[in-house]
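If you're matching them up, the sequences are chains A and B in order.
Using our numbering, read the first sequence as starting at 35 and increasing by one per residue.
Using our numbering, read the second sequence as starting at 35 and increasing by one per residue.
Yeah, the Cβ is synthetic: ideal placement off N, Cα and C, and Gly gets one too.
What follows is a set of notes on a single structure, which appears directly below.
2 protein chains.
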Amino acid sequence: MLPSTYENQDCSLARALEIVGERWTLLVMRDAFYGVRRFNDFSAHLDAPRSVLSARLAALVDAGLLARLPDPEHGGRQLYEVTDKGKTLWPALYTLRAWGEAYAADDREPRRMFTHACCGEPLDPTARCAACDVVPEPQEIMVIPLEAPREGTRTDPVAVGLQEPHRLLDPLPGASIRQAGQPRGN
Amino acid sequence: MLPSTYENQDCSLARALEIVGERWTLLVMRDAFYGVRRFNDFSAHLDAPRSVLSARLAALVDAGLLARLPDPEHGGRQLYEVTDKGKTLWPALYTLRAWGEAYAADDREPRRMFTHACCGEPLDPTARCAACDVVPEPQEIMVIPLEAPREGTRTDPVAVGLQEPHRLLDPLPGASIRQAGQPRGN
């Protein structure tokens, strides 16, 4: 067993990793930035076991990066929303994503681009809009698909929702549609 | 057991995390950017079990972020150096560190600052030098201690080396000094 914290590492990076360094945590936050708000939608788009997803969501709520609120469309269930503190994670998440696209994607083509909504310029690799000379807040950013869905593309509601241009943090269209027979979330 | 990859996550962030998302990996790269090059120095400064450290170093070599070369001072041992590909990770690592400093440090005071060596300006939270309007390469960056060592501060060679201003990637002064009786590295 590895220790669950880096308590003897007197370093801000270790502090950050204690909050977002667990497996799946950054991918949960990615989906929350995309506008995913319901447990079942996180579960459909991520491949994490539901118990792991549940633990990661709870830890992000404890850390103040997500907030739970009642789901107006599903009595007794909850929504997860990115808090103001959670929004501050965006540049770090985006910069790591941009590194992955540039240096870890092998021969895969980029699937999406991120643009500054007010001017349409793509973000640079450090999450900056060079045209406006700002690091836009996530709610000022559009995620734009770059290619048509190909064979083998995921068909969960989140993946389908992201096949159209979408503003970050806006609830994903279609992602709250529940099919009969789908498992209940918590 | 969690899967070791995020293979069904068609996303650049997942690709990045497959390389640097394992526990300790980003802290190994942090130390490599600080100028740590020897297994025993990584081991003294990190609290990872030596078997875990060994696996993380091997994975970073496989991924092309670190390179092994013979240690001229210790026959049969090896040094680890950050490759050009490894240097590209710097903005992502720094931005996550800056987030940790701003939002995950609780009441801890910052221990270090990072400045652009040629102008002395501190980096902004996205690893940019606002004065020069560039994202400096790591070898153009100084890490500067902000406070005198306090009680309980680590006393390993890497921690001691970082008590003086130090240029990233330059071998840490003192870090290669081996005390008699220290365990041999691999």
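Can you give me the C-alpha to C-alpha distance between residue i and residue j, rounded to a whole angstrom?
i: ARG184/B; j: ARG145/B; result: 11 Å
i: ASN74/B; j: LEU206/B; result: 13 Å
i: LEU91/B; j: HIS79/B; result: 14 Å
i: ALA50/A; j: ALA138/B; result: 6 Å
i: ALA48/A; j: ARG188/A; result: 34 Å
i: MET63/A; j: GLU107/B; result: 46 Å
i: TRP58/B; j: LEU87/B; result: 8 Å
i: HIS200/B; j: ILE175/B; result: 9 Å
i: VAL194/A; j: ARG131/A; result: 20 Å
i: LEU196/B; j: ASP190/B; result: 10 Å
i: GLY55/B; j: GLY109/A; result: 37 Å
i: SER85/A; j: SER77/A; result: 10 Å
i: LEU94/A; j: TRP133/B; result: 15 Å
i: THR122/B; j: ALA161/B; result: 12 Å
i: PRO83/A; j: THR149/B; result: 42 Å
i: ILE178/B; j: ALA89/A; result: 38 Å
i: ASP141/B; j: VAL168/B; result: 31 Å
i: GLU198/A; j: GLY186/B; result: 54 Å
Please confirm if residue i has its CB atom under 8 Å from at least one CB of chain A.
i: HIS103/B; result: A small fix is needed here, since residue 103/B is Leu in this sequence, not His. No, LEU103/B lies away from the interface with chain A (no Cβ there is under 8 Å from its Cβ).
i: GLN43/B; result: yes
i: ALA139/B; result: yes
i: LEU36/B; result: Note on LEU36/B: pLDDT 43, under 50, position unreliable in the model; no value is reported.
i: SER46/B; result: yes
i: GLU143/B; result: no
i: LEU60/B; result: yes
i: TYR114/B; result: no
i: PRO199/B; result: no
i: ALA89/B; result: no
i: TYR40/B; result: yes
i: PRO207/B; result: no
i: LEU130/B; result: yes
i: LEU202/B; result: no
i: ALA126/B; result: yes
i: GLY55/B; result: yes
i: VAL177/B; result: no
i: ARG111/B; result: no
Would you kindly check if the distance between the Cβ of residue j and the Cβ of residue i is under 8 Å?
i: MET147/A; j: PRO156/A; result: yes
i: ASP81/B; j: GLN43/A; result: yes
i: LEU61/B; j: TYR128/A; result: no
i: PRO125/B; j: GLN112/B; result: no
i: LEU181/A; j: GLU135/A; result: With the sequence shown as reference, residue 181/A is identified as Glu, and Leu is not the correct amino acid for it. No, the pair does not count as a contact, with Cβ atoms beyond the cut-off.
Using a Cβ-Cβ cutoff of less than 7 Å, which residues in the same chain neighbour residue i once the five nearest sequence positions on both sides are dropped?
i: LEU203/B; result: PHE67, GLY69, VAL116, PRO172, GLN173
i: CYS153/A; result: CYS163, ALA165, CYS166
i: ARG12/A; result: The question about residue 12/A has no answer here: the residues shown for chain A are numbered 35 through 220.
i: VAL192/B; result: ASP65, TYR68, VAL70, ASP75, ALA78, HIS79, LEU206, ALA209
Less than 6 Å between C-beta atoms, sequence neighbours within five positions excluded: which residues of the same chain meet that for residue i?
i: ALA101/A; result: GLU115, THR117
i: ILE53/A; result: ALA97
Closer than 8 Å, CB to CB, is residue i near chain B or not?
i: LEU51/A; result: yes
i: GLU135/A; result: yes
i: LEU123/A; result: yes
i: PRO159/A; result: yes
i: ASP81/A; result: yes
i: ARG4/A; result: In the structure as shown, chain A starts at 35 and stops at 220, and residue 4/A therefore has no counterpart that could be examined.
i: ARG71/A; result: no
i: VAL192/A; result: no
i: VAL95/A; result: no
Leaving out the 5 sequence neighbours to the left and right, which residues in its chain are closer than 8 Å to residue i when beta-carbon positions are compared?
i: GLY98/A; result: THR117, LYS119, GLY120
i: SER46/B; result: none
i: ALA151/A; result: PRO170, GLU174, ILE175, MET176, ARG201
If we require 3 or more residues per run, which beta strand (DSSP E) segments fall completely within the segment 66 to 117 of chain A?
100 to 104, 112 to 116
Where in the segment 128 to 209 of chain B do unbroken runs of the beta strand (DSSP E), each at least 3 residues long, occur, reported from the N-terminal end onward?
Fully enclosed beta strand (DSSP E) runs of no fewer than 3 residues occupy 146 to 150, 175 to 179 of the segment 128 to 209 of chain B, in order along the chain.
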